[in-house]
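Everything on this sheet refers to the single structure shown next.
Number of protein chains: 2
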Amino acid sequence: MKIVIIGGVAAGAKAAAKIKRLLPDSEVSIYTDDTHVSYSACGLPYYIEGNFADYTSLLVRSVEEFNTSGIDVYLESKVEKILPAQQQVLVCNKKHAFLVDYDKLIIATGARPIIPNIAGVKDYKNVYSLRKIEDGIAIRNKMLESKRAVVIGSGFIGLELLEAFVRNGLFVDLIEKNDRIMPSFDTDMSELIRQRLDQSNDNNFEIHTSEIVTEILGENGVATGVKTLSGKYMPTDIVILSVGIKPNSEIARDAGIVIGDTGAIRVNKLMQTSIENIYACGDCCEERHLISGNYVWVPLGSTANKEGEYAALNAAGVYSEFEGVLGSSVTRCLNTTMSMTGLTEAQALEFGYTPVFAIVSKTDKVAYMPNVGEITLKVMADKASGLLLGGQAVGSIGADKRINALATALLGRLTVQEFKRNDLTYSPPFSPTIDPLLTAMSILCKKVSRPC
Amino acid sequence: MKIVIIGGVAAGAKAAAKIKRLLPDSEVSIYTDDTHVSYSACGLPYYIEGNFADYTSLLVRSVEEFNTSGIDVYLESKVEKILPAQQQVLVCNKKHAFLVDYDKLIIATGARPIIPNIAGVKDYKNVYSLRKIEDGIAIRNKMLESKRAVVIGSGFIGLELLEAFVRNGLFVDLIEKNDRIMPSFDTDMSELIRQRLDQSNDNNFEIHTSEIVTEILGENGVATGVKTLSGKYMPTDIVILSVGIKPNSEIARDAGIVIGDTGAIRVNKLMQTSIENIYACGDCCEERHLISGNYVWVPLGSTANKEGEYAALNAAGVYSEFEGVLGSSVTRCLNTTMSMTGLTEAQALEFGYTPVFAIVSKTDKVAYMPNVGEITLKVMADKASGLLLGGQAVGSIGADKRINALATALLGRLTVQEFKRNDLTYSPPFSPTIDPLLTAMSILCKKVSRPC
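Just so you know, the sequences run in chain order Z and S.
Under the working numbering, think of the first position of the first sequence as 1, with each following residue one higher.
Under the working numbering, think of the first position of the second sequence as 1001, with each following residue one higher.
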């Protein structure tokens, strides 16, 4: 049995290791256009920040380790074409092109940064996006000799790099075309993120919302500033493009594989694409939302890891349904933790629910304890049934763990009425007497139609 | 309508405030033998430690606040007898005894420390147990002039006071009659707590297990040391009795109210005792365990708070079932967080389950991040059905929040197979790529009878 895996960062690397354990006699090979395999891309912003000294800490399994376990890894070897009728892929490396046979193919091509349509965006060497190891190394090296940065886009990567740059003494202009930062959160919660960042701003960054960069200016191949639609000019030593990512699904589309409305590869619960013997996993494919059942695209490292495992199980003949995701995620920026799970307000409306909300701000411990922080929690339920739909938390360390309790409730399809009975741990250093989650449920009980 | 509440720390204070809001025209009075009302008893060890300067931080609602909202509070007024036939209680204060009529009576008499049968235990003024505000003040004042302490009993209070004393520069002998500390945890987890404490021991405490104090020695009314069964002598400036608590249920028993096998007052889901118009809540009463349905006695502040609310609702005529508890709890000692929910191993066996376990030790963040701690998580499920039964966590900050996700799963009666699909948040500063909870579920999947 010959198993070919395209891509080897998270899903691909996981799939390779798993399938080799399941089928020790199979031939497993990873082809990737990347210079590295099996690494923690989520850790790149923290490497740039200097949370650890050596980027090699990010490497999970080396090529040698893969080889030792009998897996061949071909770096800088791009799969240019999938030939489903022939069960072959066309691979090109620097020197030549060649065809590789497969019995099972696993597509784990990931996603890539969106390059915004800005004049000069490709003209300067100090304009970066962050996706791969070498991006991280290049950004860190440039940062160390920089005084100012412009970050375009204020999602996860944008805010993580804002933190990294500010912690390294740079002044940062953060530019967001929407009227609020972190737009994947609900409006009220992203406004709260903004407030908390403003409070921790020691004149070392400026946030510009509803602002569009029209041109990157520079000389001798080096960007020196950006111009915006409103007429501002911001000088800079480094420009980051962090306006989002898109799935690397073109190679699948070219092969006739069905692509979902999200633009990512559509798979069933067995991680099978529309073409026999071809599986997909990780950032290149869609998943089902566990709450709504709708197809969504949630490109996250935790999801990629799981999907890689399920793709391997099914490719190896072990029937294993991947049910879907809740879209649970977390990051931090300076002293603010932000985390979410389940549907956003917009998704809830789109998927036909009538959402009701509770927003609760409480201390993260009993107020008399030292080092008290604040957590604001938004919990959403369906008005008619009381079914919990999602939640978001912004605040001090620990905000994210409330979201994990909520994710578990979503998994179990609990209602507000049921969660209200939850017995959560309490001790003064760990939470207020009544956890913000329970306070939120009490409020929601008064807003849902079914009695509590 | 005259509502009389006996006791006013957590459950009683909560019940009073709630019922007055529900029935503004009712007469609500609290009678307590305590010198204070409505305070955070759980915060006393942290007051002693010096985490905050003034014990008044622990007071939730003052007598004046109760009075302003129309609730009468009688401090140092002990209810000596309940007369159900007459619907009266007999109250004694320093000056006189009197009878008080009630339409509804809520018993919230709490619990009291067990005084172990040790020679000299009542002979010395520097022998304390910790339950009330004045205990906390006395212990703190004595601690500030002490160099050595003996703590007898290594449960929550014992370990919390070990921390408080060590942080204040005292040398502590911690004495436990069992062969392990924190015996409410499973054996393996309490051994792990011991290991972690030993590691953080900078020669400032000694733990003596399987050791029984036979005599407290002293002179002029001041204890100066303890003798143990094995013949040891430990000099000390302060002795703490923290061998456990028992419910203040005698007054209910005397009135003919049914007492459960646990020794606490038996109540139904409406917090009603066996006698009409008499309710009980808080540490003096039993509760149902949400997993097994058995009666248990789980005296915790979080539970007392909820039970006070349910007692008030039902006494006010608002039908509200309190389903029960999971026994979720948490504390810390030095740098170790310890937390549990659901059944212990012993309870699971007692209640007829065939428990299987997974024990997982993982970093609390991705290992390359700074300030990495370790969390050990034990998760238990029923072998036949895969139903999750409970779990315990020991380790760095954040250990407890895994337990809250697990508590939510217990509430929803999730199986291992279901929880394995959970979508928990991930980012390098917050957890490893695969959360310890999910690793535990993968291991359990191989141990339960139903396939995963």
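A virtual CB, placed ideally from N, CA and C, is assigned to each residue, including glycine.
- In this structure, Ile82/Z sits near Ile251/Z, with a CB-CB distance shorter than 8 Å.
- In chain order, Pro1247, Ser1249, Cys1284, Cys1285, Glu1286, Trp1297 place their CB closer than 7 Å to the CB of Ala1264/S, counting only its own chain and leaving out the 5 sequence neighbours on each side.
- Proximity of Arg112/Z to chain S, defined by a Cβ-Cβ separation below 8 Å, is not satisfied.
- Bounds of any alpha helix (DSSP H) do not take in Pro1183/S, whose DSSP letter is neither H nor E.
- Under the 8 Å criterion on CB atoms, Cys1042/S is classed as interfacial with respect to chain Z.
- Remark: fewer than three beta-carbon pairs, one from each stretch, lie closer than 8 Å, so the segment 151-169 of chain Z and the segment 307-326 of chain Z are not flagged as touching.
- Scanning its chain for C-beta atoms nearer than 6 Å, with the 5 sequence neighbours on each side dropped, one finds around Asn1277/S the residues Lys1104, in chain order.
- Beyond the five residues adjoining it in sequence on each side, Ser449/Z comes within less than 7 Å, by CB distance, of Lys383, Ala384 in the same chain, given in chain order.
- Lys232/Z and Leu300/Z have their C-alpha atoms some 34 Å from each other.
- Tyr74/Z has a beta carbon lying at 8 Å or more from every beta carbon in chain S.
- A residue is called buried when at least 16 other Cβ atoms come within 10 angstroms of its Cβ; Ser1040/S meets this threshold and is buried.
- Three or more beta-carbon pairs separated by less than 8 Å are not found between the segment 1309-1320 of chain S and the segment 1356-1370 of chain S, which leaves the two stretches without contact.
- For Pro1428/S, at least one C-beta of chain Z is nearer than 8 Å to its own C-beta.
- Flagged as an interface residue toward chain S: Asn422/Z, by a C-beta distance shorter than 8 Å.
- Counting along the chain, no alpha helix (DSSP H) covers Cys1092/S; the unbroken beta strand (DSSP E) around it starts and ends at 1088-1092.
- Residues of the segment 1394-1417 of chain S with a Cβ closer than 9 Å to any Cβ of chain Z, in chain order: Ile1397, Gly1398, Asp1400, Lys1401, Arg1402, Ile1403, Asn1404, Ala1405, Leu1406, Ala1407, Thr1408, Ala1409, Leu1410, Leu1411, Gly1412, Arg1413, Leu1414.
- In this structure, Gln1087/S lies away from Tyr1074/S, with their beta-carbon atoms at least 8 Å apart.
- Under the DSSP assignment, Pro1436/S falls in the alpha helix (DSSP H) whose first and last residues are 1436-1445.
- Neighbourhood of Phe1052/S in chain Z, by CB distance below 9 Å: Tyr368, Met369, Pro370, in chain order.
- Its Cα nearest to that of Leu1387/S, the residue Tyr1353/S stands out among Met1338/S, Tyr1353/S, Ile1207/S.
- Taking a Cβ-Cβ cut-off of 9 Å, the neighbours of Ile434/Z in chain S comprise Ser1302, Asn1305, Lys1306, given in sequence order.
- The three-state reading of DSSP puts Val1172/S in strand, counting E and B together.
- Short of 8 Å from the beta carbon of Ile115/Z, and not among the five residues preceding or following it, lie these beta carbons of its own chain, in chain order: Val121, Lys122, Ser129, Leu241.
- Listed along chain S, no residue sits closer than 8 Å to Leu130/Z by beta-carbon distance, the nearest being about 14 Å off.
- Segment contact: the segment 386-401 of chain Z against the segment 1013-1033 of chain S, fewer than three CB-CB distances shorter than 8 Å; contact not assigned.
- Residues Ser1154, Thr1209 of the same chain have their beta carbon placed closer than 6 Å to that of Glu1176/S, with the five preceding and five following residues left out of the count.
- Closer than 8 Å to the CB of Arg1332/S there is at least one CB belonging to chain Z.
- Looking from the CA of Asn178/Z, the closest CA among Thr187/Z, Phe171/Z, Asp435/Z belongs to Thr187/Z.
- Under the DSSP assignment, Ser1302/S falls in the alpha helix (DSSP H) whose first and last residues are 1301-1315.
- Beta-carbon to beta-carbon, Ala1149/S and Val1127/S are separated by about 11 Å, too far to satisfy the 8 Å threshold.
- Look at Tyr39/Z: its C-beta is not under 8 Å from any C-beta on chain S.
- Classified as exposed, Leu1144/S has fewer than 16 neighbouring CB atoms from the shown chains inside 10 Å of its CB.
- Counting of Cβ neighbours within 10 angstroms places Glu64/Z among the exposed residues, the total staying below 16.
- For Glu1191/S, same chain residues with a beta-carbon under 7 Å away, outside a window of 5 residues either side, are Arg1180 in chain order.
- In the DSSP annotation of this structure, the continuous segment of the alpha helix (DSSP H) that includes Leu22/Z starts and ends at 11-22.
- With 16 or more other CB atoms across the displayed protein chains lying within 10 angstroms of its CB, Ser329/Z is buried.
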